[in-house]
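Peer 1:
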């Protein structure tokens, strides 16, 4: 991998920031917002920011960059696709529970649902995220889709995934704004109480996290190479060998061979939507 | 250009949506928010959403895709760089006036400045936008920077430009959220008055606009080819001929020849941060 140390710096920074983001939401709800619970009250609502940050931001971010980890390049594409889809599925489950929490809270408190731009875009993006996962699994994980369809749709899959990811962060910004305006009363948000400054800082953390993830995944120098002859390319032999102990690690599936062979790759690059935005 | 008709559909859709976004902010402030003025009151504040939408969203979006217009591919890179930088400068001026309007309004009404996440990210992004413009002009428009520096920094220039663009849209979402919560009182935002629905729709419009712009600029099939032998590639002969009447249109500057020659291009693609994200 070109620029391996730079990649590592980006990876470590993004993982630290993503993890810090989750810690920030936990501190926010535990220290200032009454903690976590499932009683239709504020404690139930509090699952919403925690699960969105942990799932739709942090785990989704990891799912997006998982193909970029050079010590996984010896693993079969099928295994990596399972990990990619598994992480996205986990994030989707987190998101659904996060939505249930906020609807439950609104209904218990007679607060109207779905009036704000935050809710419009947020619900849409979770639905699209589910659709993206179903289509992604159907086309790229299950062995039924023809190679031509996989190649043609790959740039759309990658782009829509990244669009969903950045839209989630934009939606979180609106959620932060709403919550701070509604919950900070004495002193209000405009007086910059510690909670306001803390949560604003959380917003900056997820912004930088998103920026790092998208940089990593769109840098063509850090793209997973085709599966042939990977052992010599991986910079982390120990990790690669450990990886080889995973059952499927060396079992490249037939569709992957077809997808990753040089001819298919060239076809992808020649197509109307060439694969330069690929995370695959 | 591959997929010329698809490109045209994307271009027309994005221009219509961007223009519609500007119209929406005008209707919002003229019909619901007391119009425009420069008196320290709400009418002065109203310049803020109008100028941000017109400048930092619509004009910046056009500046980003201007290299993609195939009927400009016969024009010299220098001319296109001037148009690119000129549009960004216009957007920056709009943004500065938009900031002055909101600071003036806050100061006149004794509303604190810079407490919200909207203001933190918004001010940061305008400062970074100015820095991006200064660096972009210094490195790519003025003839002093060595080619190696241009090639090395191009992916950073492109990525930071797109990051600024999407962050502006995310910041606008927070601004919309703040303004609707603060200004809609009877009925409140939660009762979904027409103004709330209208401005939420405006938010969706700029989201789709941003999505289209980023798709267009990151689609490698729609990238401006190197300057050599462009006349046969341009699909719009009439536009190319009209373009040839512009004084500088055929005067490729020395630095452009150097930058666009095949050797430099290959060097860019081979570099640590290869030029696949290029808008140049």
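Protein chains in written order, with UniProt numbering: chain A, 1 to 280; chain B, 1 to 280. Beta carbons: idealized from backbone N, C-alpha and C, even for Gly. Note that this is a predicted model, so its numbers are computed, not measured.
Using only CA atoms, which one of A/25, A/117, A/34, A/63 lies nearest to residue 51 of chain A?
Peer 2: Looking at the Cα atoms, A/25 is the closest of the given residues.
Peer 1: Whole angstroms are fine: how far does the CA of residue 64 of chain A sit from the CA of residue 42 of chain A?
Peer 2: Distance between the alpha carbons of residue 42 of chain A and residue 64 of chain A is about 32 Å.
Peer 1: When the Cα of residue 39 of chain A is compared with those of A/104, A/188, A/72, which residue comes out closest?
Peer 2: Of the candidates A/104, A/188, A/72, the one whose C-alpha sits nearest the C-alpha of residue 39 of chain A is A/104.
Peer 1: What residues from chain A crowd round residue 167 of chain B, counting only those whose CB sits closer than 8 Å?
Peer 2: Chain A residues near residue 167 of chain B: 207.
Peer 1: Where residue 159 of chain B and residue 207 of chain A are concerned, what is the direct C-alpha to C-alpha distance, given to the nearest angstrom?
Peer 2: Those two C-alpha atoms are separated by around 14 Å.
Peer 1: Checking 9 Å against the spacing of the C-beta atoms, do residue 204 of chain B and residue 195 of chain B come in under that value?
Peer 2: Cβ distance not < 9 Å, so residue 204 of chain B and residue 195 of chain B don't count as in contact.
Peer 1: Give the DSSP bridge partners of residue 185 of chain A, in chain order.
Peer 2: Partner(s): A/188.
Peer 1: Residue 95 of chain B and residue 56 of chain B look like a contact to me (Cβ under 8 Å); what is the Cβ gap, rounded to whole Å?
Peer 2: 5 Å between Cβ atoms; contact.
Peer 1: Quick one: is residue 13 of chain A near chain B, going by C-beta distance under 9 Å?
Peer 2: No, residue 13 of chain A does not count as interfacial toward chain B.
Peer 1: In angstroms, rounded to a whole number, what distance separates the CA positions of residue 18 of chain A and residue 66 of chain A?
Peer 2: Rounded to the nearest angstrom, the two C-alpha atoms are 14 Å apart.
Peer 1: If the cut is a Cβ gap below 9 Å, which residues of chain B does residue 173 of chain A touch?
Peer 2: Result: 117, 118, 121, 170, 171, 173, 174, 177.
Peer 1: For the alpha helix (DSSP H) that contains residue 216 of chain A, what are its first and last residues?
Peer 2: That run of the alpha helix (DSSP H) goes 194-218.
Peer 1: What does a CB cutoff of less than 7 Å around residue 129 of chain B pick up in its chain, not counting 5 residues either side in sequence?
Peer 2: Same-chain partners within the cutoff: 92, 95, 164.
Peer 1: Run through DSSP, which three-state label would residue 115 of chain B get?
Peer 2: Residue state, collapsed to three classes: coil.
Peer 1: Applying the criterion that 16 or more other CB atoms from any shown protein chain within 10 Å of the CB defines a buried residue, is residue 148 of chain B buried or exposed?
Peer 2: Exposed, since its Cβ has fewer than 16 Cβ neighbours within 10 Å.
Peer 1: Measuring CB to CB, does residue 48 of chain A end up less than 9 Å from residue 99 of chain A?
Peer 2: Taking 9 Å as the Cβ cut-off, residue 48 of chain A and residue 99 of chain A qualify as a contacting pair.
Peer 1: Quick check: what's the CA-CA separation for residue 144 of chain B versus residue 68 of chain B?
Peer 2: Answer to the nearest angstrom: the Cα atoms are 26 Å apart.
Peer 1: Which residues of the stretch 55-69 of chain A have a Cβ closer than 8 Å to any Cβ of chain B? Give them in chain order.
Peer 2: Listed by position along the chain: nothing, the set is empty.
Peer 1: Which chain A residues are close to residue 196 of chain B, counting only those with a beta carbon under 9 Å from its beta carbon?
Peer 2: Those within 9 Å of residue 196 of chain B in chain A are 115, 116, 117.
Peer 1: Compare the beta carbon distance of residue 199 of chain A and residue 171 of chain A with 9 Å and say whether it is the shorter of the two.
Peer 2: No, Cβ-Cβ distance for residue 199 of chain A and residue 171 of chain A is not below 9 Å.
Peer 1: When you compare the CB of residue 111 of chain B with every CB in chain A, is at least one pair closer than 9 Å?
Peer 2: Yes, residue 111 of chain B lies at the interface with chain A (some Cβ there is under 9 Å from its Cβ).
Peer 1: What residue range does the alpha helix (DSSP H) around residue 75 of chain B cover?
Peer 2: From DSSP, residue 75 of chain B is part of no alpha helix (DSSP H); its letter is neither H nor E.
Peer 1: From residue 115 of chain B to residue 192 of chain A, what distance separates their C-alpha atoms?
Peer 2: Taking the straight line from one Cα to the other gives about 6 Å.
Peer 1: Looking at the secondary structure, which residues open and close the alpha helix (DSSP H) in which residue 61 of chain B lies?
Peer 2: Residues 60-65.
Peer 1: In chain order, what residues of the same chain lie with their CB nearer than 8 Å to the CB of residue 201 of chain B, ignoring the 5 residues before and after it?
Peer 2: 24.
Peer 1: Buried or exposed, going by whether 16 or more other CB atoms sit within 10 Å of the CB of residue 211 of chain A?
Peer 2: So residue 211 of chain A ends up on the buried side.
Peer 1: Looking at the unbroken alpha helix (DSSP H) that takes in residue 49 of chain B, where does it start and where does it end?
Peer 2: 47-51 is the span of the alpha helix (DSSP H), which, as asked, contains residue 49 of chain B.
Peer 1: Could you tell me whether any Cβ in chain A is nearer than 9 Å to the Cβ of residue 215 of chain B?
Peer 2: With 9 Å as the cut-off, residue 215 of chain B counts as an interface residue toward chain A.
Peer 1: Can you tell me whether DSSP reads residue 174 of chain B as helix, strand or coil?
Peer 2: Reduced to three states, the DSSP call for residue 174 of chain B is helix.
Peer 1: Using the Cβ count rule (16 or more neighbours within 10 Å means buried), how would you classify residue 227 of chain B?
Peer 2: Per the 10 Å Cβ criterion, buried.
Peer 1: Strictly below 7 Å CB to CB, what residues from chain A border residue 200 of chain B?
Peer 2: Ordered by position in chain A, the residues that pass the 7 Å Cβ test against residue 200 of chain B are 117, 120.
Peer 1: Give the interface partners of residue 204 of chain A over in chain B, defined as CB-CB distance under 9 Å, in chain order.
Peer 2: Neighbours of residue 204 of chain A on chain B, chain order: 117, 120, 121, 124.
Peer 1: Which residues in chain B have a C-beta closer than 9 Å to the C-beta of residue 148 of chain A? List them in chain order.
Peer 2: Residues of chain B passing the Cβ test: none, with the nearest at roughly 16 Å.
Peer 1: Please state the DSSP three-state secondary structure of residue 37 of chain A.
Peer 2: It is coil, neither helix nor strand.
Peer 1: Provide the residue span of the alpha helix (DSSP H) that contains residue 23 of chain B, from first to last.
Peer 2: Element bounds for residue 23 of chain B: 4-27.
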